[in-house]
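> Respectively, the protein sequence lines represent chains A and B.
Take 298 as the starting number for the first sequence in this note's numbering and just add one per residue.
Take 608 as the starting number for the second sequence in this note's numbering and just add one per residue.
Submitted below is the structure of interest, expressed as C-alpha cells.
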Amino acid sequence: MEETVKTEEGISLIDLVKLLLSKIKLLIVFTLVGAIIGGAFGFVTTYGQDYYGTLVRFYINPKRSESITENTSQYGVYGAYGKHVMDNMTKLLSSESFAERLLVEENGLPKEGINKDIDAKRVVALAAIKVVDEERKLEEAHEEHILDTAEAIKDLNDDITEAKKDESFFEKRLSEAQNEYASFITATGDANSAKAQELQKAVTDAKNKRDIAVDLRTQLEDELNTQKDYLEVANETLETIQETLAEKMEIANKAIEETLVEWRKTPSYEAGIVAIQNAVRYSYLEEGEELENANDLARSFIRVNISVLQDQEFAEKLLNLIIKTVPEFVKENMAVPSGYEGTNCEPSTRIHKIKLLNPNYSMSQTVKYAALMAILTLVVACVAVILIDRSDKRLRDHETITRLFDLPVLGIVPSIKMKTNATKTVKESALNNEKEEK
Amino acid sequence: MGFFSMSQTFARFNLNYKAKRNAPKTEYLLNKNTPFDVAESFRNLKAALSVSVPKQEGGVVIEMTSAYPEEGKTTVSVNLALMFAQSDAKVLLIDADIRKGRVAKYFKTKPVPGLSDYLSGLVELDDAIHTSRINKNLSFITCGTHSPRPYELLESDEAKNMIKELKKRYDYIFIDTPPMLLISDALALTPVTDGAVLVCRHMSSYISDISRALNTLRFAKANILGVVVNDYNIPQAKKSGNGYTKKYYYYSYEYNNKEDETVDSGAPDQPQIPTDPAAKTQKTQYAPDEQSAKKKQHQ
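Here's what the structure looks like:
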C-alpha cells in the first residue's frame, strides 16, 4: 500500500546561520538600503526643525513679607501652597482663557487687522474704553478733590477751635478790664482821671480784640459750613460720576466681550490658542519628580517651559508676555490663606534668554532613523530569506532523496553546458553518415 | 497558513517558470566533447543500475520515468542506453511516450514507424526497431504515430507480448515513459518492467512531486531501483546551504581523452565517447546462464 513519506524537514540553528551567511551580500545590501532610506527620512522630516525656548520659574508664596528669594521660598520659610492648589493653578494657566490673555492687548482687546467686522467692533470698544478712562480720570480727580476738601474741613475745625479759644480769652480779658474799670470808678468816682481813661482804653482794646476773635470765629464757621456743603455736593457728584462710570464700564465691557466673542470664532484665534498651548508647558514639579502625598510640597513654584518651532521672535515675545502676565494672573486667582495678605509671585532672578533647545537635532534623528531602519530591514530581510528558503521545496541536494525516501541515488548527472557543441558534433556525424551511405 | 501556501504557490510558479526557461532543452548525446564528469556520471549510473537490477533470465526491462516533464528523463534514458551499448551489451530503447516522444530527435530520425504503429498492428516489430548509427549495439523504437488512446495501447496484450519477445533478444531494455503525475501511461507498462528509475532535476523538481511519484510507483507495485538526479548544479548546491558536492565530483580523476581514443567504441567516423577501459569487459552481470552459454559457444 502507499507509504507516507516524510517531506517536511526540520532546520537547526546552525543551518539557519549558514543560510543567512550564504546570503550575506544580499542582507548587507538590504541593510544599507534600509539605512539610506531611514537616514533620508530622518533628515527630511527633521531638517530645519529648530526649537527655540527657555525655562522660567515663578516662585509663589502667600504674602507675609515684601521680599522673597528663591532660597527662602524653596525652604518654605514664607509658606508654600499645597499640591491641590498648585495643581489647580497649573490647570488654569494651561487653559484657553490664560492663553487668550496672552494673545490680547493690555486693554483686553485682540490685535488689529484680523478682519473688518472685528476691527469695527474693536473701534467701538476702544471708544467705550476711552470714555471709561475719561470717566475714571474724572472720578479720580473728584476723589482727590473730596480728599482735599475733607482735609480743609479738618483744618478749619482746628482753626475754629483755636478761634474759640481766642474768643474766650479775649472775652475774659474784656470782662476783667470792665471789672477793673468799674472798680476804679466805684473806688475813686473820678472817670476823667488818667487812670480811669487808661482803664477805659484797656476795656476798649479788649472789646475790640474780642470782637475780632468773634468775627474770625464766625468767618471760620461760615467757611466750614461752606466746605461742608461743598463736600456734600462733591460726594453727590462723585456718586453720580461713579454710577456713570459703572454704566460706561458695563458698555465698554460689553463692547469688549462682543469683540472677543467674534474674535473667538475666527481661525486666527484658534491658531493663536493652539500655538501658545503647544509652545508653553506649565508644571509645579521639577522634571521627573512625583508627589505621593498631597502635603509634600515644601516649596511652590510654577515651572514654565517655552518651546517654539522655528520662530525665535515669537518665542521671545511669548517669554516677555509670560514674565509679565503670569504673576498678575496668579495674584488674581490664587486663594489667600487666612492670616495672609495676598500672594507673591515673582520670576526667578536669573536672566531668561531664548536659546536653541535642540542643536544637532536633525543629525541625531538622521542617525537614529538610519540605525532603526537598518536593523528593521535586516530583520525583515533575514525573515524573508528564511521564509523564501523554507518555502523553496525543490530538490536541492541528492542526500534529501536518501534521507526522505530511503532510496538510493543511482546517479547524479551534472549540469551540462556544451549543448551547442554536442548538437553540432551529432549533426556533423549524421551528415558524414549520409555521405557515406551515398 | 494561507500566507505560506500562497508564498509557496508563488515560489513554485516563479521557480517552475525559471526552471523551465533555464532548463537546457538540448538533446545531447555523449561524445568525445562531453565533459569528463558528465560521461563519468553516466558510467556510474550504468554501474549502479547493473548491480541493482534483480538476477533473472532474459533481458532486463527498466522503466525510466519522472514526475513532470522537462526533468531530463529522455536525455538520461538515451545516454544511459548508449553507455550500456558501449559495453557490448545489446540494448533497446523504447520511447513509450506516444503523446510526445522525443527519442527520435536524439537520433535524428523520424518517429514513424514506431511503437504505436506496431501496437496498432500497422507494422511488424522488426520494422519498428531502428538500429542506431552511433553504436550498432543500440537499437531504439520511436514513439510512432500519435494515437488518441495511448494508455490502451500500452496496456494491451500486444505490448506485454512485445516486451516478452524483446527480452529474449536484448540484454537491456530501457523504456522512456511519459511523466507519471501528468498522465497515467507510465503505469501501463509497470507490471512488465523489472525495475523503475525516477529521474528528477536538481533545483527544479519539488520534493512533494517526487514523493507523489514514488508513492504512485509503489501503489503500482513497481520495483523502484532508485532515483537519478539530473542537471546537478554545483554552485547552486553550495548556495542552498547544504554544499557537500565536492566529494561527488572531485574524487574521480580526469582521464586524458587522447589516450582513450584508441579504444574501439564503434565506427571510426562516429563520435567517440570517453571510455573507461574496464567498461569494455563489463558484461551483463545478472545473466550467468547466458554468459556460460556464450563461453561455451566461443569454446
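Note that the Cβ used here is the ideal one computed from N, Cα and C, for glycine as well.
Every value quoted in this text rests on a predicted model; they were computed, and no experiment measured them.
Applying a beta-carbon distance threshold of less than 7 Å, which residues of chain A neighbour B/L656?
L707
> Which residue wins for smallest C-alpha separation from B/A703, given the options B/D792, B/F649, B/K717?
The shortest C-alpha separation from B/A703 is found at B/D792.
> Are three or more beta carbon pairs between the region 662-675 of chain B and the region 741-750 of chain B nearer than 8 Å?
Too few Cβ pairs lie closer than 8 Å, so no.
> When the cut-off is 8 Å and only beta carbons count, does A/F702 lie next to chain B?
yes
> So A/I603 and A/G410 are supposed to be a Cβ contact under 8 Å. How far apart are they, rounded?
That belief does not hold up - the Cβ atoms of A/I603 and A/G410 are roughly 25 Å apart, past 8 Å.
> Note down the Cα distance separating A/L692 from A/K320, rounded to an integer number of angstroms.
19 Å
> By the 10 Å Cβ neighbour count, where 16 or more other Cβ atoms means buried, how is B/E670 classified, buried or exposed?
buried
> State yes or no: is the C-beta of B/R706 within less than 8 Å of the C-beta of B/I782?
In terms of Cβ geometry, B/R706 and B/I782 do not form a close pair [threshold 8 Å].
> Which chain B residues are close to A/L692, counting only those with a beta carbon under 8 Å from its beta carbon?
C807, R808, H809, M810, S811, S812, Y813, I814, I817, V836
> Just to make sure I have the definition right: I need the residues of chain B whose C-beta is within less than 8 Å of the C-beta of A/I683. Which are they?
Per Cβ cutoff of 8 Å: no residues; A/I683 is ~11 Å from chain B at best.
> Counting only beta-carbon atoms, is A/V710 nearer than 8 Å to chain B?
yes
> Beta-carbon of B/D783 versus every beta-carbon of chain A: anything under 8 Å?
no
> Within the 8 Å Cβ cut-off, does B/P642 reach chain A?
yes
> Measuring alpha carbon to alpha carbon, tell me which residue in A/E555, A/N641, A/I619, A/D686 is nearest A/K418.
A/E555
> Less than 7 Å between C-beta atoms, sequence neighbours within five positions excluded: which residues of the same chain meet that for B/D816?
A674, Y675, L788
> Consider the Cβ of B/S791: report whether some Cβ of chain A lies at a distance smaller than 8 Å.
At a cut-off of 8 Å, the C-beta of B/S791 has no neighbouring C-beta in chain A.
> By a C-beta neighbour count over all protein chains shown, 10 Å radius and 16 as the cutoff for buried, is B/L652 buried or exposed?
buried
> Between A/T563 and chain B, is there a C-beta pair that is closer than 8 Å?
no
> Inspect the beta-carbon positions of A/A499 and A/E464 and report whether they are closer than 8 Å.
no
> Report all residues from its chain with a CB closer than 6 Å to the CB of B/I780; omit the five preceding and five following residues, and keep chain order.
G666, V668, L699, L773
> Measuring CB atoms only, is the region 429-441 of chain A touching the region 476-491 of chain A, in the sense that at least three cross pairs come out at less than 8 Å?
These segments do not touch.
> Which same chain residues end up closer than 8 Å to B/Y758 when comparing Cβ atoms and leaving out the 5 residues on each side of it in sequence?
I790, S791, D792, A795
> Report the rounded CA-to-CA distance for A/T301 versus B/N822, giving the unit in angstroms.
Note that A/T301 scores a pLDDT of 45, beneath 50, so its modelled location is shaky and nothing firm can be said.
> For chain B, is any of its Cβ atoms less than 8 Å away from the one on A/I713?
yes
> Let me check understanding here. Comparing Cα to Cα, which of A/D312, A/F327, A/L323 lies closest to A/M670?
A/F327
> Using the beta-carbon count (16 or more within 10 Å), is A/I648 buried or exposed?
By the 10 Å Cβ count, A/I648 comes out exposed.
> Provide the residue span of the alpha helix (DSSP H) that contains A/G569, from first to last.
564-576
> Comparing the C-beta of B/V667 with each C-beta of chain A, is any distance below 8 Å?
no
> If distances are taken between C-alpha atoms only, which option among A/E397, A/R507, A/S580, A/R470 comes closest to A/A572?
A/E397
> Using a 10 Å radius around the Cβ and a threshold of 16 neighbouring Cβ atoms, would you call B/L722 buried or exposed?
buried
> Short of 8 Å in beta carbon distance, which residues of its chain neighbour B/H753, apart from the five on each side in sequence? Order them along the chain.
Contacts found: I705, R706, S723.
> So which of A/E540, A/P634, A/K322 has the shortest CA-CA distance to A/Y378?
A/P634
> Which class does B/V645 belong to by DSSP, given the choice of helix, strand or coil?
helix
> Locate the alpha helix (DSSP H) running through B/E772, then write down its first and last residues.
764-776
> Reducing DSSP to helix, strand and coil, say where A/N385 ends up.
The three-state reading of DSSP puts A/N385 in helix, counting H, G and I together.
> Could you spell out the range, first to last residue, of the alpha helix (DSSP H) harbouring A/T501?
491-561
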